[in-house]
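See below for the structure under consideration.
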Amino acid sequence: MEKKIVFFDIDGTLLNNRNEIPDSTKKAVRSLQDKGIVTAIATGRIPSMFDWVREELGISSYVSINGQYVVHEGRTIYSNPIDRVILKELVELTTTSGHALATCSSDKVRALAENHPHIRNSFATIELPHPPVDPYFHLNEPVYQGYLFVDNEEQTVYDQKFPQLRFVRWHDYAVDVLPSGSSKAIGIEQMLRILGIRPENSFAFGDGLNDVEMLASAGIGIAMGNAVNEAKDAAKMVTASSSEDGIWKGLQMVGLL
Numbered sequence: 001m002e003k004k005i006v007f008f009d010i011d012g013t014l015l016n017n018r019n020e021i022p023d024s025t026k027k028a029v030r031s032l033q034d035k036g037i038v039t040a041i042a043t044g045r046i047p048s049m050f051d052w053v054r055e056e057l058g059i060s061s062y063v064s065i066n067g068q069y070v071v072h073e074g075r076t077i078y079s080n081p082i083d084r085v086i087l088k089e090l091v092e093l094t095t096t097s098g099h100a101l102a103t104c105s106s107d108k109v110r111a112l113a114e115n116h117p118h119i120r121n122s123f124a125t126i127e128l129p130h131p132p133v134d135p136y137f138h139l140n141e142p143v144y145q146g147y148l149f150v151d152n153e154e155q156t157v158y159d160q161k162f163p164q165l166r167f168v169r170w171h172d173y174a175v176d177v178l179p180s181g182s183s184k185a186i187g188i189e190q191m192l193r194i195l196g197i198r199p200e201n202s203f204a205f206g207d208g209l210n211d212v213e214m215l216a217s218a219g220i221g222i223a224m225g226n227a228v229n230e231a232k233d234a235a236k237m238v239t240a241s242s243s244e245d246g247i248w249k250g251l252q253m254v255g256l257l
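One point on numbering: in my numbering, the residue at position 169 of the sequence shown is 169, and numbering is uninterrupted.
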């Protein structure tokens, strides 16, 4: 039998509306592992932001930072930092425009501004604190992703100014900042290559705008019932919400349970 793999987004997918992993999801993941099916995480978070998820589910391989940093069984197999010149220009524009920005390495997030309400409020929705402040962090560390805190109208300025970057919204006042062309799907390609798994034997669960490419490129993409319409349109199937045993039911739908 050919090897199979299932990729899981975290927020709104593995986690329910209380930011907890439902018992049915824990049971489903264990069942896959017992059958020899590879389980992996695919998230926009940096690794240190989901240590507890990996520990609870016994998952050691992941596509993190929206495909920018990929680890298989504890070994980094792919990394794609943002170009430093472009990053410098982004920092300059946010500074002159008065917009908040945070940047992340493979294991840290640092903000340029202290106690900014947009940072505080958006991070609170995923139960994360306002990151520490270090205005020089991006000069000393490889930066894989930025967090830009702007509304939709303000974002258009950045879309026009930086064709080399991709801005993916995840909150009314927050977007992820990535190199153009990057996505979870790119990171997943690297994982499949290392494992020798054919794309048609891959499955992916997600709910957000940053899951669209992953859901479209997987052998079978399954959108959560609570997913945005763009994710549902990209997926081959739609399961129940993350708070209504959506992972368990989705795996049953595709015959893995």
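Note that beta-carbon positions come from the ideal geometry of N, C-alpha and C, so glycine has one too.
Item                                                                                                        : Value
Nearest neighbour of residue 67, chosen from 213, 248 and 200 [CA to CA]                                    : 213
Cutoff 6 Å; reference residue 120; Cβ partners in own chain excluding five residues on either side          : 130
Distance between beta carbons of residue 99 and residue 154, contact taken as under 8 Å                     : 7 Å
Cβ separation of residue 70 and residue 191, assumed to be a contact under 8 Å, to the nearest whole Å      : 6 Å
Close beta carbons around residue 219, own chain, < 7 Å, minus the five adjacent residues each side         : 199, 200, 201, 202 and 203
Span of the alpha helix (DSSP H), counted from its first residue to its last, around residue 122            : 117 to 124
Whole runs of the alpha helix (DSSP H) within the segment 155 to 212, excluding any shorter than 4 residues : 184 to 195
Beta bridge counterpart(s) of residue 25 as assigned by DSSP                                                : None; residue 25 has no bridge partner.
Meets three-Cβ-pair contact criterion under 8 Å: the segment 79 to 88 and the segment 137 to 149            : yes
Rounded straight-line distance, which links the Cα of residue 256 to that of residue 106                    : 32 Å
Residue 39 - DSSP class collapsed to helix/strand/coil                                                      : strand
At least 3 beta-carbon pairs within less than 8 Å: the segment 28 to 45 vs the segment 244 to 256           : yes
Residues sharing a beta bridge with residue 44, DSSP                                                        : Looking at the DSSP assignment, residue 44 forms no beta bridge with any residue, so it has no partner.
Short CB-CB distance (under 9 Å) between residue 188 and chain B                                            : This model lacks chain B altogether; it includes just one protein chain.
Unbroken alpha helix (DSSP H) run spanning residue 130, endpoints                                           : Note, residue 130: premise wrong, no alpha helix (DSSP H); not H, not E.
Buried or exposed by the 16-neighbour rule on C-beta atoms within 10 Å, applied to residue 52               : exposed
Burial state of residue 187 (16 or more Cβ within 10 Å)                                                     : buried
Beta-bridge partners of residue 102, as assigned by DSSP                                                    : 111 and 147
Of the residues 125, 87 and 207, the one placed nearest residue 19, counting alpha carbons only             : 125
Helix, strand or coil at residue 79 [DSSP, three-state]                                                     : strand
Span separating the alpha-carbon of residue 193 from that of residue 175                                    : 29 Å
First and last residue of the uninterrupted beta strand (DSSP E) at residue 231                             : No beta strand (DSSP E) contains residue 231, which is instead part of the alpha helix (DSSP H) from 229 to 234.
Exposed unless 16 or more other CB atoms sit within 10 angstroms - verdict on residue 49                    : buried
Alpha-carbon spacing of residue 104 relative to residue 110, whole angstroms                                : 6 Å
Residue span of the alpha helix (DSSP H) that contains residue 97, given as start and end                   : 84 to 97
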